[in-house]
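Peer 1: Here it is, the structure in full.
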Amino acid sequence: MFFSFMRGVVRVVLFIINGPFEIQNKEALPKDENYILVAPHRTWWDPLYMAVAARPKRFAFMAKEELFKNVFLRFILKNCNAFSVNRKNPGPSAIKTPVKILKETDLSLIMFPSGTRHSKALKGGMAMIAKMAKVRVVPCVYQGPVTLKGLFKREKVVLRFGEPIDLSDIKKLNAEGLQEVERRIQGSFDQLDFQVNPQFVYAIEEDVEVVQEDKKSE
364 MFFSFMRGVV RVVLFIINGP FEIQNKEALP KDENYILVAP HRTWWDPLYM
414 AVAARPKRFA FMAKEELFKN VFLRFILKNC NAFSVNRKNP GPSAIKTPVK
464 ILKETDLSLI MFPSGTRHSK ALKGGMAMIA KMAKVRVVPC VYQGPVTLKG
514 LFKREKVVLR FGEPIDLSDI KKLNAEGLQE VERRIQGSFD QLDFQVNPQF
564 VYAIEEDVEV VQEDKKSE
């Protein structure tokens with residue numbers, strides 16, 4: 364109940380700040396099974412848009428353990444199905460906890476395979492979780508403002524879902540297996556970005572600032 368309530372609050376806040384956003388190909392989302400919803404991590408608010416766009420499905424999240432040190436924030440995170448992960452030294456629970464959630468509850472999982480907002484490198488944790496939990500991976504891309512200024516200026520936000528990806532045929536997550544995982548996931552991200560906007564190029568916040576400074580100096 365708390366998750367649904369908070370998602371409703373987030374939906375209203377996002378609407379007030381940025382207005383309505385576009386959801387594309389929502390019919391691709393599995394109806395009667397858990398899955399891992401994955402996307403390239405482009406802003407700190409793209410998981411909020413993902414959770415809102417995929418409703419009514421409820422999700423669990425990974426969150427860095429530092430966020431749980433604040434009592435108020437810890438209460439919200441835990442009641443929104445978040446679990447802590449030590450990013451420097453993940454440990455077995457980083458795999459076991461989400462696998463258990465996917466197997467034993469009605470919660471799906473939102474993950475960013477690259478791990479950080481500024482990385483494209485896909486990590487093996489997502490593939491391991493998907494294989495152990497025997498769930499499919501659903502790709503998603505966010506296109507929209509990457510700065511708070513752009514968000515408040517109501518630059519258009521588009522979220523597009525892709526067709527579920529089955530990784531069960533990849534027998535070993537060795538170098539060759541992980542390369543195949545990355546090919547499938549990154550290939551789907553690239554395809555979705557192209558379908559939303561063939562001219563789309565993702566620029567991180569630092570890149571945007573550099574371009575703006577270069578224009579000022581000209």
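The working numbering numbers the first residue of the sequence shown as 364 and each following residue consecutively.
Note that beta-carbon positions come from the ideal geometry of N, C-alpha and C, so glycine has one too.
Could you tell me how far apart the beta carbons of P502 and I528 are, in whole angstroms, since I believe they sit closer than 8 Å?
Peer 2: So it is a contact: roughly 7 Å between Cβ atoms.
Peer 1: Buried or exposed: M425, going by 16 or more other Cβ atoms within 10 Å of its Cβ?
Peer 2: buried
Peer 1: In or out: S551 buried (at least 16 other Cβ within 10 Å) or exposed?
Peer 2: buried
Peer 1: DSSP three-state call for L530: helix, strand or coil?
Peer 2: It is coil, neither helix nor strand.
Peer 1: Give the secondary structure of M474 by DSSP, where H, G and I count as helix, E and B as strand, and everything else as coil.
Peer 2: In the structure shown, the three-state DSSP call for M474 is strand.
Peer 1: In three-state terms, what does DSSP make of E429?
Peer 2: helix
Peer 1: Is the separation between the beta-carbon of K420 and that of K466 shorter than 9 Å?
Peer 2: Against a cut-off of 9 Å, the Cβ pair of K466 and K420 comes out as no contact.
Peer 1: What did DSSP end up calling E385 once you bin it into helix, strand or coil?
Peer 2: strand
Peer 1: F446 by DSSP, collapsed to three states: which one?
Peer 2: Reduced to three states, the DSSP call for F446 is strand.
Peer 1: Using the C-alpha atoms, what's the distance from D469 back to K463?
Peer 2: The straight-line gap from Cα to Cα measures roughly 11 Å.
Peer 1: Do you know offhand how far M364's Cα is from L436's?
Peer 2: 18 Å
Peer 1: Count the CB pairs spanning the stretch 513-527 and the stretch 381-396 that are closer than 8 Å, and state whether there are at least three.
Peer 2: yes
Peer 1: Could you spell out where the alpha helix (DSSP H) holding F552 opens and where it closes?
Peer 2: A538 to V559
Peer 1: In its own chain, which residues sit with a C-beta less than 7 Å from the C-beta of F515, not counting the 5 before and 5 after it?
Peer 2: I380
Peer 1: How far does the alpha helix (DSSP H) with Y332 in it reach, from first residue to last?
Peer 2: Residue 332 falls outside the range modelled here, since the chain spans only 364 to 581, and no answer is possible.
Peer 1: How far does the alpha helix (DSSP H) with L514 in it extend, from its first residue to its last?
Peer 2: L511 to F515
Peer 1: Exposed or buried, S456, counting other C-beta atoms within 10 Å across all chains shown (16 or more means buried)?
Peer 2: exposed
Peer 1: Straight-line CA distance for K441 to F378?
Peer 2: 25 Å
Peer 1: Which word fits D409, buried or exposed, when buried means at least 16 other C-beta atoms lie within 10 angstroms of its C-beta?
Peer 2: buried
Peer 1: Can you tell me whether P502 sits near the ligand HEM, meaning its C-beta is under 8 Å from at least one heavy atom of the ligand?
Peer 2: Because no ligand of any kind appears in the structure shown, any question about the ligand HEM cannot be addressed here.
Peer 1: Grouping DSSP H, G and I as helix and E and B as strand, with all else coil, what is P455?
Peer 2: coil
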